[in-house]
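To convert, note that position 29 of the sequence shown is 221 in our numbering; the numbers rise steadily by one, no gaps. For every residue, glycine included, the Cβ atom is placed at its ideal position computed from N, Cα and C. Treat the numbers as computed from the prediction; the structure is a model and nothing was measured. To start, the structure under review is shown below, and the notes come after it.
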Amino acid sequence: MNNIRILFVCLGNICRSPSSEAIFRHKVAGTDLENKLTIDSAGTGPWHVGKAPDIRAQTACLKRGYTEITALRARQLQPEDKDNFDYILIMDDRNYNDVQERFNGDLSKVRFFLEYAGDDAPKYVPDPYYKGEESFNYMLDLLEAAADGLLEHLNKEIYHA
Ligand code: 4NP
């Protein structure tokens with residue numbers, strides 16, 4: 193399949209999902225997959241629309257070389273995103289409930305992102321918003337593992353490798 197569309201979703205679209213987008217964009221850049229994927233992120237909530245990612249997420253991402261983070265701007269998840277994306281990757285159970293509501297119960301394309309992080313990974317990416325720097329680093333550890341697993345999955349899907 194060409195042009196697989198991937199949407200990362202969290203609550204505010206300023207911490208977890210833009211970090212996921214930045215990490216994934218970084219890992220895909222320069223690979224055979226680069227021109228075969230559409231990558232985006234959104235938040236279920238409206239509060240931060242138009243804003244840059246949280247400065248703590250930016251700092252944590254930049255420390256690891258994910259410079260893609262700085263250009264991102266928050267947007268809110270829309271009902272039509274259900275049709276416009278193939279993979280809708282959420283972070284926690286609150287996202288699950290909110291997306292279910294926004295998509296009128298159709299969760300056929302929705303997965304927990306950490307399903308791609310391996311059997312030992314937790315199910316949810318904890319919301320770091322009200323926590324400290326350590327939570328942002330832990331968030332990145334989880335997201336990097338999931339991004340690697342997703343890349344592997346997509347390579348198999350596209351190249352039947
Ligand atoms: P995110 O984190 O969902 O990972 O972007 C949050 C950002 C903002 C809020 C909650 C979570 N907030 O309540 O404003």
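So, with DSSP's three-state summary, where would you put Ile282? The count along the sequence shown starts at 1 and reaches residue 282 at position 90. Strand.
Quick check on the burial criterion: 16 or more other C-beta atoms within 10 angstroms. Buried or exposed for Leu299? For the purposes of this step, residue 299 is taken as the residue at position 107 of the sequence shown. Exposed, since its Cβ has fewer than 16 Cβ neighbours within 10 Å.
Note down, in chain order, each residue of its chain lying with its Cβ closer than 8 Å to the Cβ of Asn195, except the 5 sequence neighbours on either side. Your numbering for residue 195 matches position 3 in the sequence shown. Cβ-Cβ distances below 8 Å link Asn195 to Lys228, Leu229, Thr230 in the same chain, with the five nearest sequence neighbours on each side left out; the list follows chain order.
Asp232 - DSSP class collapsed to helix/strand/coil: One-based indexing of the sequence shown puts residue 232 at position 40. Looking at Asp232 - three-state DSSP - the assignment turns out to be strand.
Between the C-alpha atoms of Met331 and Arg248, what's the straight-line distance to the nearest angstrom? Translated into the one-based positions of the sequence shown, residue 331 becomes position 139. Translated into the one-based positions of the sequence shown, residue 248 becomes position 56. Whole-angstrom Cα-Cα distance: 11 Å.
Tell me the residue span of the alpha helix (DSSP H) that contains Val220. The residue labelled residue 220 in the question sits at position 28 within the sequence shown. Start and end: 208–220.
Which of helix, strand or coil does DSSP assign to Val291? Indexing the sequence shown from 1 puts residue 291 at position 99. If DSSP states are grouped into helix, strand and coil, Val291 belongs with the helices.
Going by CA-CA distance only, name the one from Leu225, Leu269, Ala221, Lys274 that's closest to Tyr258. The count along the sequence shown starts at 1 and reaches residue 258 at position 66. Comparing Cα-Cα distances from Tyr258 to each of Leu225, Leu269, Ala221, Lys274, the minimum goes to Ala221.
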